[in-house]
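J.: One structure, as C-alpha cells, below. Some questions next.
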Amino acid sequence: MDSTGSGTTSAPASTPGLGSVSAEAKVGGAAEAITFAGVTKSFGHKTVLQEFDLSVHRGEVFALLGANGAGKTTVINILTTLENTDSGAVHVMGVDVRTDPAEAKRRFAVTGQSAAVDTYLSTAENLVLLGRLSGLSRRAAKARSEELALSLSLNSFMDRRVGSLSGGMRRRLDLALSLVVPVDVLILDEPTTGLDTRSRRELWAEIERLSAEGTTVFLTTQYLEEADALADRIGLLDRGRLTGLGTPSQLKARVGEDTVAVHDEEGSTVAEEPTDGTVRGIAAVLTPLLDASPGASVSLRTPSLDDVFLAFTSTDDNPNR
C-alpha cells in the first residue's frame, strides 16, 4: 500500500547544537538515523529551505515544529524521496535518499496527514494485504495484524469495511499500516490528527514502545503538548531555517526561568521572583514575602513549550521574532 504524497509507505525490513552536523553525518555516517546537510530547496523564486542542517540520533523521538508555511512539509517530502533538493544531501540510516531512493525507502515507513487505505476492504484485510505485499507469510501477516489491532485498539473494527469507519478510526488504521513491517525509521506527519484524547494517548504509548525497542521516530505535530510528552529533542523551523534545537527542558530554559508569584486575597499578583525550582530555593523566595503577607497565595510558573514556540518562530508582524 505505497503512497505518493500522503498516507503510508513501508518496505520489507532490512549535546546538540543549533545547525551542527558532524563530519560523519555529512557523509551519511551510521551514527545518525537521519541527516540533512546544507539542504536548500526553492520553488520558483521562493526559497523554502535555506542551508538546512539537522541530525536525528538513532533511537530517539524527534519532533519538528513550525508555523504553517515554515517548511515542514518540504522537509518530509525530501526525506521520503518525494522532492529533490536543489543542493545539499539527505541520508536515512546512511543511505543517500537522492542517489539511492529505493534503498532508502527500505529503511523507513511514513504516515502522512490523510489515510491511505482501501475503503472497499475490511480493516483486517487492509493489514493482511500490506503484510503479504511486504513479504510476510499469510500466517505472519495475520498474526501481525492481530497484534496491531490489540495495541492500537482496532479489535472491534477488524471485520468492518474501511469505508464505514470514522475519520479517527481510519487514521488509526493508517498508523497501524505503517507498523506492519518493522523499519529503522518511522516518519509521522501529524500522526494524531482526527484522534480523540484517549486514542491520542494510546498512540503516544505505542510510539514510546517503538522508541524503547530502538525505532527512530521523526514526527511533525501541531500539538505542542504532544511534542513535549514524546520528544527526546525538538527542532524549531522558521522560514526555512532551524532556529532552535534541544531537549524540551533545554529549550524552555533558553526562553525563561521558573518564577514564584505571590497573590493577594483578591488574586492580584503582588510580587514575583525567579527561583531555581528546588524546595530550598522556593522557600528562600517565599519566606520573606509570606511574612509580609500571611494571607497571600502562591503559584509556581515554569516556561512552557508555547513560550518556546513563540520565541523561536516569527509572524508576519514580527518577521525577526
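Going by the numbering used here, the sequence shown opens with residue 2, and the numbers climb by one from there.
Beta carbons: idealized from backbone N, C-alpha and C, even for Gly.
1) In its own chain, which residues sit with a C-beta less than 7 Å from the C-beta of R172, not counting the 5 before and 5 after it?
2) Mind checking who K143 pairs with in its DSSP beta bridge?
3) Buried or exposed, going by whether 16 or more other CB atoms sit within 10 Å of the CB of A26?
4) Quick one: grab the DSSP three-state call for D229.
5) Could you check which residue in Q51, G45 and H46 has the C-alpha nearest to that of A38?
6) Could you give the first and the last residue of the continuous beta strand (DSSP E) run that contains A262?
7) By how many angstroms is the C-alpha of R240 removed from the C-alpha of Q223?
8) Measure how close the beta-carbons of A262 and S300 come, nearest whole angstrom, since I'm counting them as under 8 Å.
9) Look at L153 and E203 and say whether their C-beta atoms are less than 8 Å apart.
10) Pick helix, strand or coil for V91, following the three-state DSSP scheme.
11) Excluding the five sequence neighbours on either side, which residues of its own chain have a C-beta within less than 7 Å of the C-beta of D119, listed in chain order?
12) For H46, is the classification buried or exposed, using 16 other Cβ atoms within 10 angstroms of its Cβ as the cut-off for buried?
13) Using only the alpha-carbon positions, how far apart do G95 and T288 sit?
14) Cβ of I188 within 8 Å of Cβ of T270?
15) For the candidate residues T198, F219 and R199, whose alpha-carbon lies nearest to that of D190?
16) Among L180, V98, V62 and H58, which one has its Cα closest to the Cα of V76?
17) So, with DSSP's three-state summary, where would you put A254?
18) Go ahead and label E266 buried or exposed: buried means 16 or more other beta carbons lie within 10 angstroms of its beta carbon, across all protein chains shown.
19) Per DSSP, G39 is paired with what?
20) Can you tell me whether DSSP reads P192 as helix, strand or coil?
21) Taking three-plus beta-carbon pairs below 8 Å as touching, is the region 178 to 188 in contact with the region 206 to 217?
22) Where does A110 fall in DSSP's three states?
T.: Short version:
1) A116, T194, G195 and L196
2) None, per the DSSP bridge assignment.
3) Confidence is the limiting factor: at A26 the pLDDT is only 38, short of 50, which leaves the residue's position unreliable, though a coordinate-based value still follows. Buried, because 16 or more other Cβ atoms sit within 10 Å of the Cβ of A26.
4) helix
5) Q51
6) T260 to H264
7) 17 Å
8) 5 Å
9) yes
10) strand
11) N127 and V163
12) exposed
13) 56 Å
14) no
15) F219
16) V98
17) helix
18) exposed
19) Note: G39 sits in no beta bridge, so no partner.
20) coil
21) yes
22) strand
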